[in-house]
Amino acid sequence: MSTTPVSPDPVAPQSGPLVTVRGLAKSFGDNHVLRSIDFEVAPGSVTVVVGPSGSGKTTVLRSLNALDVPDAGVVRIGDVEVDFGRAPVTKKQVAALRAQSGMVFQSHHLFPHLTVLQNVTSGPVLASGRDQAQAATEARELLRLVGLAEKADAYPYQLSGGQQQRVGIARALAVRPKLMLFDEPTSALDPELVGEVLSVMKDLAAQGWTMVVVTHEIRFAQQVADQVLFMDGGVVVERGTPAQVLTDPSTDRARQFLHRIL
Ligand code: ADP
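FYI, UniProt numbering numbers position 104 of the sequence shown as 104, with every residue one higher than the one before it.
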C-alpha cells in the first residue's frame, strides 16, 4: 500500500474493529434521541446508516467525534477510548477523539475569501500547526483525488455545489483522519450533482478508507456498504449486510421505511 499522505492508514490484517460503540445514549431535554447504541466498524469498511428522519442518525455521527457529547456510553476509535458515562470527560479527551475522524456535512461553508487550496490547507495548518508548504503539497494531492486539481486557485463561488462538496471531502481528509464520517453529503445537492460526490466516495471506499455514511442513497448503500445499520426511535433496529438489511429486512419497521423511500 502506498504511504502517501492521502492514503488511509495501513491496518494490520488481524487487528480488531477500528470503531467500537457501546451503550451510547443521548437526550436533548426529555427527548431520548439515542437509547443504547452498540456497533463496531471494521478497518477499511463502509458502514451506511439509514432510517427515518429524526431517528438519531446524525446524533450518532456527531457523537463519534464529540460534536454532540453523549450522556452515556463508550466510543473507541483506534487507540482513543472515551467513556462518556464517567464524568467529567475532559477537553483533552474530546480533542483526542475528534482528531480521529474527518467529517463531511450536508453542505460546506467554505471560506469565501480563500481559494480552494487554502480552504483545504486551513484545517491542517491551523489545527495541527503543520508546515504551510507541506500542507499545500498534500492538499494538491487531495484535490487530485476528488477530481479538482485544476480548481486549486479558484474561489468557492466559482464552483458548483457538487464541486464544493468535493472540496469539503478533501478538507476533511486533510487532517489525516483514521475515520471518515459523512452526514447526508448529497442531500443538499441538485440531483444532477449527486453522482459526482457519490463517485468520489466510492473511490475512497475502494482505496480502503474506513467510512460511516448517513444517507438515503440506497443504491450507494447496496453497492458500497459492508454493513448497514437501520435506526428507528434512537435504537439500531437492524444491523447486517446490505442484502440482509436492505433487500430482506426482518422487521416491519425496516420494511415500511424501505417501501417508502424506494
Ligand atoms: P436524523 O439524523 O435521524 O434525522 P437526528 O440525530 O438529527 O436524526 O435527530 C434526532 C432527534 O434529536 C430529533 O428529534 C432532533 O430534533 C433532536 N435533536 C438533534 N439535535 C438536537 C439539538 N442540538 N437540540 C435539541 N434537539 C436535537
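Built from N, CA and C at the ideal position, the CB exists for glycine as well.
Check: Check: Val33 C-beta below 7 angstroms from any heavy atom of ligand 1; Outcome: yes
Check: contact_flag[the segment 189-204, the segment 226-245] where n(CB pairs < 8 angstroms) is 3 or more; Outcome: no
Check: Heavy atom of ligand 1 within 7 angstroms of Arg214 beta-carbon; Outcome: Looking at the sequence itself, residue 214 is Val, so the reference to Arg does not match. Yes, the Cβ of Val214 comes within 7 angstroms of a heavy atom of ligand 1.
Check: Exposure label - Ile261; buried when at least 16 CB within 10 Å; Outcome: exposed
Check: Neighbour-count burial assignment, Asn65, 16 or more Cβ in a 10 Å radius; Outcome: buried
Check: Length of the line joining the Cα atoms of Ala95 and Arg62; Outcome: 13 angstroms
Check: Candidates Val104, Val33 and Gln207: closest to Ser187 by CA position; Outcome: Val104
Check: DSSP-derived helix/strand/coil call for Asn31; Outcome: strand
Check: Whole runs of the beta strand (DSSP E) within the segment 115-192, excluding any shorter than 3 residues; Outcome: 179-183
Check: Inter-residue CB distance, Phe39 and Val236 (contact presumed, cutoff 8 angstroms); Outcome: 6 angstroms
Check: Exposure of Ser55, with buried meaning 16 or more beta-carbon neighbours within 10 Å; Outcome: buried
Check: Distance, Thr90 Cα to Ile169 Cα; Outcome: 28 angstroms
Check: Element boundaries [alpha helix (DSSP H), containing Asp252]; Outcome: Asp252 to Ile261
Check: Expected contact under 8 angstroms - CB spacing of Ala136 and Gly73 to nearest Å; Outcome: About 39 angstroms separates the two Cβ atoms, so there is no contact after all.
Check: Candidates Val214, Val167 and Trp209: closest to Gly123 by CA position; Outcome: Val167
Check: Inside the segment 217-243 only - beta strand (DSSP E) runs reaching at least 3 residues; Outcome: 227-232 and 235-240
Check: Backbone CA spacing between Met1 and Ala221 [nearest angstrom]; Outcome: Low per-residue confidence applies at Met1: pLDDT is 41, beneath 50, and the placement is therefore not dependable, though the value from the model is reported in the following sentence. In a straight line, the C-alpha of Met1 is about 26 angstroms away from that of Ala221.
Check: Proximal residues to Leu189 (C-beta, below 8 angstroms), its chain only, five neighbours per side dropped; Outcome: Gly161, Gly162, Gln165 and Val197
Check: CB of Val212 within 8 angstroms of CB of Val80, strictly; Outcome: no
Check: Sub-8 angstroms separation of Val214 and Phe182 beta-carbons; Outcome: yes
Check: Burial state of Asp153 (16 or more Cβ within 10 Å); Outcome: exposed
Check: Of the listed residues Glu217, Arg76, Gly233 and Ala172, nearest to Gly102 (C-alpha basis); Outcome: Ala172
Check: Length of the line joining the Cα atoms of Val48 and Leu148; Outcome: 26 angstroms
Check: Those residues which DSSP pairs with Thr47 across a bridge; Outcome: Val212 and Gln227
Check: Nearest-angstrom Cβ-Cβ length linking Leu110 and Pro156, presumed shorter than 8 angstroms; Outcome: 4 angstroms
Check: heavy atom of ligand 1 below 7 angstroms from Phe28 C-beta; Outcome: yes
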